[in-house]
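Quick notes on the structure that follows.
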Amino acid sequence: MTFSVVIPAYNEEGNIAPLTAAIRETMDRLGLWELIYIDDGSTDGTLAAFQREREKDSRVNIIRFRRNFGQTAAWAAGFDHARGDIVIVLDADMQNDPSDIPAMVDVLTREGYDVLSGWRKDRKDAGTLKLGSKIGNWIHRFATSEKIHDHGCSLKVYRREALYDLELSGEMHRYITALLSWKGYRVGEMVVRHHPRRRGSTKYSIRKKLKGFLDLIIVKFWIQYSARPIHFFGAIGVALVGAGLLLGGILGTLWLLRMISLQGRSTPLLAVLLVIIGLQFIMTGVLADIVAKNYYATKKAYSIASREGFDETGEIGTVRALPQHRTAASSAIHAQLDDQSV
Numbered sequence: 000m001t002f003s004v005v006i007p008a009y010n011e012e013g014n015i016a017p018l019t020a021a022i023r024e025t026m027d028r029l030g031l032w033e034l035i036y037i038d039d040g041s042t043d044g045t046l047a048a049f050q051r052e053r054e055k056d057s058r059v060n061i062i063r064f065r066r067n068f069g070q071t072a073a074w075a076a077g078f079d080h081a082r083g084d085i086v087i088v089l090d091a092d093m094q095n096d097p098s099d100i101p102a103m104v105d106v107l108t109r110e111g112y113d114v115l116s117g118w119r120k121d122r123k124d125a126g127t128l129k130l131g132s133k134i135g136n137w138i139h140r141f142a143t144s145e146k147i148h149d150h151g152c153s154l155k156v157y158r159r160e161a162l163y164d165l166e167l168s169g170e171m172h173r174y175i176t177a178l179l180s181w182k183g184y185r186v187g188e189m190v191v192r193h194h195p196r197r198r199g200s201t202k203y204s205i206r207k208k209l210k211g212f213l214d215l216i217i218v219k220f221w222i223q224y225s226a227r228p229i230h231f232f233g234a235i236g237v238a239l240v241g242a243g244l245l246l247g248g249i250l251g252t253l254w255l256l257r258m259i260s261l262q263g264r265s266t267p268l269l270a271v272l273l274v275i276i277g278l279q280f281i282m283t284g285v286l287a288d289i290v291a292k293n294y295y296a297t298k299k300a301y302s303i304a305s306r307e308g309f310d311e312t313g314e315i316g317t318v319r320a321l322p323q324h325r326t327a328a329s330s331a332i333h334a335q336l337d338d339q340s341v
């Protein structure tokens, strides 16, 4: 079993040396491993700190972004370049404890999970951060029906095949467990240690939390309606058309019975508008359904863990792992990393 440790960092210069030492001490006990650092557009000496660690240990690999793209993009880059059977993710702020990794790997493999998420049950952060996290976790559980207590904990352990068909954007890294659970992967949780930050400052802001909340809306919609968006838009459209027809019917009946006069009233216009807007929602649903069908025609609406009996060599009955899909750019980087490891 091989391991890839993925760590994004933004202006964490002071944490890199002690973090790398802690990772090395922990991972040497587990087996073959690589460490992938992602410099997310840091403006301090983080990149230089990475390079110093790579000079000491060739198992340290570095990805440098041209600018700050955010944690989700950093995770996606790390996942794309990870070569281990098990992929481990944690923050660079040293609040996650690398010594929890062996126990998490043991639980993941022994219990048959595809993903194991850390739970910072005794969180060592400011009260405002903990309160915001509790509110966010409650909203997350309510919206996704997932039972994970701590969605914001970066310390997670994945089987690599669980990451093959993930498509991440925005602040979606917070919702990876929800997306994987929706795809049918087994997601577990384990209590982990959490330490107060000793160097640097937190990168989480109100703006990031707002982005995360908006992405939660996207995740909720994607989980429930991605395959058939007509169910969402169509339901709203039918309700609006029904309300418009009902209002129009009542007004027409009252007018025929000469109980009211429609002259100078805006209510008939409201009925017409409800019908028109409702029809627009229905048409939007139809168009979205067509787009979704075209999307799934190329991306597949299911997730394959392995293929059996379809080897290009013609051999029947063999089981092989799902191959990792890579871009030309990432394949070139993989080739360079392979050359360096020889």
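Position 117 of the sequence shown, counted from 1, bears residue number 116 in numbering that gives the first Met the number 0, the numbering being contiguous throughout. Every residue gets a Cβ at the ideal spot worked out from N, C-alpha and C, and that includes glycine. If you're wondering where the values come from, they're calculated on a predicted model, not measured in any experiment.
Evaluate LEU115 with the Cβ neighbour count: other Cβ atoms within 10 Å of its Cβ, from every protein chain shown; 16 or more gives buried, anything less gives exposed. By the neighbour-count criterion, in which 16 or more other beta carbons inside 10 Å mark a residue as buried, LEU115 falls on the buried side.
Quick one: using the 10 Å Cβ neighbour count with 16 as the cut-off for buried, is PRO228 buried or exposed? A residue is called buried once 16 or more other Cβ atoms fall within 10 Å of its Cβ, and PRO228 is buried on that count.
Considering only their Cβ atoms, is the gap separating VAL156 from ILE87 smaller than 9 Å? Between ILE87 and VAL156, the gap from beta carbon to beta carbon is short of 9 Å.
Would you kindly check if the distance between the Cβ of SER180 and the Cβ of ASN95 is under 9 Å? Inclusion of ASN95 and SER180 in the CB contact set at 9 Å is not warranted, their separation being larger than that value.
Closest to GLU12 by CA distance: which of VAL106, ASP92 and ILE275 is it? Comparing alpha-carbon positions, the option among VAL106, ASP92 and ILE275 lying closest to GLU12 turns out to be ASP92.
Jot down the residue ranges of each uninterrupted beta strand (DSSP E) in the segment 47-96, minimum 3 residues, whole runs only, in chain order. DSSP runs (the beta strand (DSSP E)) wholly in the segment 47-96: 59-63 and 85-88.
Of the residues ASN14, SER265 and ARG185, which one's Cα is nearest the Cα of VAL106? For VAL106, the nearest C-alpha among the options comes from ARG185.
Residue range of the alpha helix (DSSP H) that includes PRO7: Note, PRO7: premise wrong, no alpha helix (DSSP H); beta strand (DSSP E) at 1-8.
Among TYR36, ILE37 and ILE22, which has the Cα closest to the Cα of GLY30? Measuring C-alpha to C-alpha distances from GLY30 to each of TYR36, ILE37 and ILE22 identifies ILE22 as the nearest.
Could you name the residues of the same chain whose beta carbon sits closer than 7 Å to that of MET343, not counting the 5 residues immediately before and after it, in chain order? This structure cannot settle anything about residue 343, because the visible part of the chain is limited to 0 through 341.
Would you mind reading off the limits of the alpha helix (DSSP H) that contains ARG158? That residue, ARG158, is in no alpha helix (DSSP H); its beta strand (DSSP E) goes 155-158.
Between the alpha carbons of ALA242 and ARG257, how many angstroms are there, rounded? Our two residues, ALA242 and ARG257, have alpha carbons roughly 22 Å apart in a direct line.
Would GLN279 and GLY236 qualify as a contact pair, given that the criterion is a beta-carbon distance under 9 Å? Yes; because the gap between Cβ atoms is below 9 Å, this pair is in contact.
I believe LEU244 touches PRO267 by the beta-carbon criterion, under 8 Å. Please report the beta-carbon distance rounded to the nearest angstrom. 12 Å between Cβ atoms; not a contact.
Specify, as a first and last residue, the run of the alpha helix (DSSP H) that ILE100 falls within. Its alpha helix (DSSP H) spans residues 100-110.
Is the beta carbon of GLU33 sitting closer than 9 Å to the one on ASN60? Yes, these two residues count as a Cβ contact at 9 Å.
By DSSP, does SER116 sit in helix, in strand, or in coil? Of the three classes helix, strand and coil, the one that applies to SER116 here is strand, per DSSP.
Expressed to the nearest angstrom, what Euclidean distance is found between the alpha-carbon atoms of HIS150 and ARG173? Each residue's alpha carbon lies about 6 Å from the other.
So, at 7 Å on beta carbons, what are the nonlocal neighbours of LEU253 in its own chain, with the 5 sequence-adjacent residues on each side left out? Non-local beta-carbon contacts of LEU253 in its own chain, meaning distances under 7 Å to residues more than five positions away in sequence, involve ILE259 in chain order.
Buried or exposed: VAL5, going by 16 or more other Cβ atoms within 10 Å of its Cβ? VAL5 is classed as buried because its beta carbon has at least 16 other beta carbons within 10 Å across all chains shown.
Count the other C-beta atoms from every protein chain shown that fall within 10 angstroms of the C-beta of ILE275, then say buried if there are 16 or more, exposed otherwise. Under this definition ILE275 is an exposed residue.
Are ASP113 and GLU160 closer than 9 Å when you measure CB to CB? It is a contact, given that the beta carbons lie within the stated cut-off.
I'd like to confirm the pairing. Which residues does DSSP put opposite PHE190 in its beta bridges? According to the sequence as given, residue 190 is Val; it is not Phe. Beta-bridge pairing links VAL190 to TRP118.
Using the three-state DSSP reduction, which class does ILE249 fall into: helix, strand or coil? Looking at ILE249 - three-state DSSP - the assignment turns out to be helix.
How should GLY183 be labelled, buried or exposed, when 16 other C-beta atoms within 10 angstroms of its C-beta is the threshold for buried? Of the other Cβ atoms in all chains shown, fewer than 16 fall within 10 Å of the Cβ of GLY183; this residue is therefore exposed.
Around the C-beta of GLU110, are 16 or more other C-beta atoms found within 10 angstroms, so that it is buried, or is it exposed? By the neighbour-count rule (16 or more Cβ atoms within 10 Å), GLU110 is not buried but exposed.
Since GLU33 is in the beta strand (DSSP E), which residue starts that stretch and which ends it? In this chain, the beta strand (DSSP E) harbouring GLU33 covers 31-38.
Pair within 9 Å by beta-carbon distance, GLY350 and PHE231: Past the boundaries of the shown model lies residue 350; the chain is included only from 0 to 341, so the question cannot be answered.
Use the C-beta contact count for THR71: other C-beta atoms within 10 angstroms, 16 or more gives buried, fewer gives exposed. The residue is buried, with at least 16 neighbouring Cβ atoms inside 10 Å.
Three-way DSSP call (helix, strand, coil) for GLN279 in this model: The answer is helix: DSSP assigns GLN279 an H, G or I state.
Nearest CA to the CA of ALA76: which residue from LEU261, ALA287, GLN262 and LEU167? Of LEU261, ALA287, GLN262 and LEU167, the residue nearest in Cα terms is LEU167.
Tell me where the alpha helix (DSSP H) around SER180 begins and ends. Where SER180 is concerned, the enclosing alpha helix (DSSP H) stretches over 175-181.
Buried or exposed by the 16-neighbour rule on C-beta atoms within 10 Å, applied to PHE309: Low per-residue confidence applies at PHE309: pLDDT is 42, beneath 50, and the placement is therefore not dependable, though the value from the model is reported in the following sentence. Sixteen is the threshold: since fewer than 16 other Cβ atoms of the shown chains lie within 10 Å of the Cβ of PHE309, the residue is exposed.
Taking DSSP as the reference, what is the three-state secondary structure of PRO17? PRO17 sits in a helix when the DSSP states are folded into three classes.
Using only the alpha-carbon positions, how far apart do PRO101 and THR108 sit? Distance between the alpha carbons of PRO101 and THR108 is about 11 Å.
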